[in-house]
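K.L.:
Residue numbers (the numbering used here): 13 to 343. Glycine included, each C-beta is placed from N, C-alpha and C at the ideal position. Keep in mind that this is a model prediction, so the values were computed, not measured.
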Ligand SMILES: NC(=O)c1ccc[n+]([C@@H]2O[C@H](COP(=O)([O-])OP(=O)(O)OC[C@H]3O[C@@H](n4cnc5c(N)ncnc54)[C@H](O)[C@@H]3O)[C@@H](O)[C@H]2O)c1
């Protein structure tokens with residue numbers, strides 16, 4: 013069977029992570045690395061053989077042998093890249109959020125429809141065993157009444173990610189899960205935010221969602237864990253779903269494996285996101301990429317977030333951000 017050939021557009025930190033994980037999968041050719049900065053593209057391509065680098069997306073899209081484009085640019089540039097790739101007949105993985113405006117999201121949904129190509133927004137938690145298993149267990153707990161999802165990170169990351177409101181950039185992972193679990197439309201969104209770090213967007217964000225079926229959800233994200241001097245970041249994420257007949261929980265999604273060393277102190281080691289064991293990506297990220305490849309090969313039916321669902325999670329995230337900014341004490 014022919015290898016699937018891919019282009020990575022956006023050679024920042026996360027573009028590098030895609031390259032690392034894709035290199036560990038079989039049956040893949042990384043054909044292009046594209047970035048506005050040739051230097052960044054070159055640095056991510058270092059060590060790859062037969063990979064071309066370019067600053068010109070048109071050159072990538074014109075490549076007839078290319079199957080798919082992975083969009084890892086900043087959030088507000090997702091549309092410009094993904095739309096061109098879809099129009100050129102390429103399958104697309106776009107990092108979350110699908111886009112940063114309703115208009116851009118709609119344009120991508122339309123482009124995917126008219127191209128007939130797969131457009132996967134990279135909501136990797138749907139491929140995390142525990143979050144996916146929780147969804148399968150929902151039939152055991154009756155009607156879902158409330159959900160609490162939290163995602164708290166290290167301050168050092170916020171220097172980069174404060175460029176986009178955290179409801180859209182970060183809590184959107186949880187919004188996607190909450191919508192998947194509750195299966196009802198959000199009718200009201202209440203956002204409460206605080207800007208304690210003085211950056212472009214608030215670093216403390218609480219969102220309360222009211223659904224048409226009467227369920228309530230809280231999505232909470234902050235960036236107040238102290239920065240670490242070591243390679244591992246501190247973070248704390250999880251979800252709790254309460255129904256009429258039971259409660260389902262994923263607690264602290266990287267817990268269960270700690271290393272305490274004299275050099276680094278206590279570290280929580282990732283086992284669930286991008287963990288690689290025996291040269292194979294084992295976490296949700298690897299599972300998501302393997303699924304995408306299998307879909308392209310016609311070996312699997314697509315089960316990730318649909319473009320319409322990704323657009324809905326953006327609608328809800330935007331409602332929260334707008335509601336919070338309408339309150340005078342919530343900046
Ligand atoms: N799923 C996750 O857990 C997760 C984690 C981190 C980042 N992300 C997402 O990954 C994406 C990239 O994040 P990052 O941390 O790598 O950002 P980054 O700013 O480090 O890198 C983005 C790169 O894209 C390049 N770029 C910008 N516009 C471009 C364009 N139009 N064409 C080509 N290149 C362009 C920039 O030069 C830069 O090198 C974001 O959407 C972010 O939300 C997801």
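Less than 8 Å between the C-beta atoms of residue 108 and residue 139, yes or no?
P.N.:
No, these two residues do not count as a Cβ contact at 8 Å.
K.L.:
Look at the alpha carbon of residue 143 and the alpha carbon of residue 195, and state the distance between them as a whole number of angstroms.
P.N.:
Near 15 Å, if we compare the C-alpha coordinates of residue 195 and residue 143.
K.L.:
What does a CB cutoff of less than 7 Å around residue 314 pick up in its chain, not counting 5 residues either side in sequence?
P.N.:
130 and 307
K.L.:
Check whether the Cβ atoms of residue 84 and residue 24 sit closer than 8 Å, and answer yes or no.
P.N.:
yes
K.L.:
Quick check on the DSSP output: the beta strand (DSSP E) that includes residue 278 runs from which residue to which?
P.N.:
277–280
K.L.:
Check whether the region 154–165 and the region 226–242 touch, using three or more Cβ-Cβ pairs below 8 Å as the test.
P.N.:
yes
K.L.:
Is residue 140 near ligand 1 - that is, is its Cβ less than 7 Å away from at least one heavy atom of it?
P.N.:
For ligand 1, not one heavy atom lies less than 7 Å from the Cβ of residue 140.
K.L.:
Taking C-beta to C-beta, are residue 323 and residue 117 nearer than 8 Å?
P.N.:
yes
K.L.:
In this structure, does DSSP put residue 184 in helix, strand or coil?
P.N.:
helix
K.L.:
Under 8 Å between the Cβ atoms of residue 87 and residue 151?
P.N.:
no
K.L.:
Could you give the residue range of the beta strand (DSSP E) that holds residue 270?
P.N.:
Residue range 270–273 is occupied by the beta strand (DSSP E) that includes residue 270.
K.L.:
Does the region 59–76 come close enough to the region 90–99 that 3 or more CB-CB pairs lie under 8 Å?
P.N.:
yes
K.L.:
Taking 7 Å as the line, does the beta carbon of residue 172 fall inside it for any heavy atom of ligand 1?
P.N.:
Residue 172: yes, Cβ under 7 Å from ligand 1.
K.L.:
Helix, strand or coil for residue 338, going by three-state DSSP, please let me know.
P.N.:
coil
K.L.:
Taking the straight line between their C-alpha atoms, what separation do you get for residue 110 and residue 215?
P.N.:
21 Å
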